[in-house]
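So the structure is just underneath, and the comments pick up after that.
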Amino acid sequence: MRPEDLLCPSPKGLYSPAGDFYVDPTRAVPRAVITHGHSDHARAGHAHVLATRQTLDLMAIRYGEGFAGSTQALAYGEAVAINGVRVSLHPAGHVLGSAQVRMEKDGLVIVVSGDYKDAADPTCAPFEPVRCHVFVSEATFGLPVFRHPPAAGETDKLLASVRIFPERTHIVGAYSLGKAQRMMALMRAAGHDAPIYVHGALTAITDYYGMQGLALGDIRPVKGTDKAAFAGAVVIAPPSSMTDLWARRFADPITCFASGWMRVRARARQRGVELPLVVSDHADWDGLCASIRATGCEEVWVTHGAEDALVHWARTRQLRARPLHMVGYGEEDEEAAPADGAAPGAEP
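The working numbering numbers the first residue of the sequence shown as 106 and each following residue consecutively.
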């Protein structure tokens, strides 16, 4: 069997001709396998969705219980047959419930990474290299300039600033699924036991993380809190909320943003970020290269990001490699934030 018979790019996303299903399709399809709950990968409207239980739960939180015609939960390592293709899900280390998709037929194994990282993260299962013939890798930070520092050190920068400016509010821009909860966990691990305040768009997802057994400490909503409480406090909010009217309730705030893109100073300046925090939920250059090597693959397909650099690196290692030029995937889950207190996915 040729790899293209098992998986190929299509206008709707990665498609398996042999199994007649899509992986993270960008349009509504009859059968979808979803890697994780970020909105550029997990969309509503599919007839049938296969994903981890946590990803299905997060999609229901974001889109409502009727986000798909039917759903099927698959545990990590569990396998099912879809039209003769053996499909299993394996930890991707990106966010809670995130998975790589392993597919096998006639001895050929292809693994689709979805978004992933090999760095430690207390809020999700760690990345698990999966042996395969073809590895389909993202390349969001697929340039050698992107080498992420330890997240604990970036958290220490934030908490040091809190100590230096005890009268000011630190507003941390962080994506509502994954990054926000990771920042909470990192702050708790660093010994910060004060209340952490959150934008209303983060409440339901953060509550779900707590129900999954993740101890995030004293988390309080911004809405309904006396303004005096925000002096010296940390507030976590979707990045898009930091430039709207919502942010004006805080006196003399210090704007922070947790993202791998904060390695690029121009990005921080464009966003008006005073304290950039280089904390990423994607693998950096070294992580991408190490993860590809760990799969033992013979061929690499690069789905989105800095495709050319990673393809060139793979070819210099005697691997067959090609870019897929996929469209419809963002650099992160950066949808507009709903108004404070509104349900995730609601319009402001």
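Glycine residues also receive a C-beta, built at the ideal position from the N, C-alpha and C atoms.
Residues 253, 254, 259, 365, 367, 368 of the same chain have their beta carbon placed closer than 7 Å to that of residue 383, with the five preceding and five following residues left out of the count. Under the three-state reduction of DSSP, residue 113 is assigned to strand. Taking the C-beta atoms as reference points, residue 301 is found no nearer than 7 Å to residue 311. Restricted to the segment 212-284, the alpha helix (DSSP H) segments that are unbroken, complete and at least 4 residues in length are 256-269, listed in chain order. Residue 361: not part of any alpha helix (DSSP H); member of the beta strand (DSSP E) spanning 359-363, first to last residue. Per DSSP, the unbroken beta strand (DSSP E) holding residue 302 starts and ends at 301-303. When the Cα atoms are used, residue 327 and residue 351 turn out to be separated by approximately 10 Å. Apart from the 5 residues on each side of it in sequence, residue 295 sits with its Cβ closer than 8 Å to the Cβ of 257, 260, 261, 264 in its chain, given in chain order. A straight-line Cα-Cα distance of about 32 Å links residue 211 and residue 150. Taking the Cα positions, residue 238 is about 11 Å away from residue 397.
Residue 172 and residue 130 have their C-alpha atoms spaced approximately 14 Å apart. A residue is called buried when at least 16 other Cβ atoms come within 10 angstroms of its Cβ; residue 170 does not meet this threshold and is exposed. Note on the segment 141-217: whole beta strand (DSSP E) runs with a minimum of 3 residues are 153-156, 175-178, 184-187, 190-196, 204-210, 213-217, in chain order.
Rounded to whole angstroms, residue 240 and residue 134 show a C-alpha spacing of 24 Å.
The residues 106, 108, 111, 238, in chain order, have a CB closer than 7 Å to that of residue 213 in the same chain once the five nearest residues on each side in sequence are set aside.
Residue range 404-410 is occupied by the beta strand (DSSP E) that includes residue 408. Sixteen is the threshold: when 16 or more other Cβ atoms of the shown chains lie within 10 Å of the Cβ of residue 136, as they do, the residue is buried.
Between residue 286 and the set 207, 353, 363, the nearest pair of CA atoms involves 363. Here DSSP, grouped into helix, strand and coil, assigns residue 425 to strand. In the structure shown, residue 341 falls within a strand segment according to DSSP collapsed to helix, strand and coil. CA-CA distance, residue 276 to residue 339, rounds to 6 Å. Sorting 293, 196, 341, 376 by C-alpha distance to the C-alpha of residue 319 places 293 at the top.
Taken atom to atom, the span from the alpha-carbon of residue 180 to that of residue 343 is near 30 Å.
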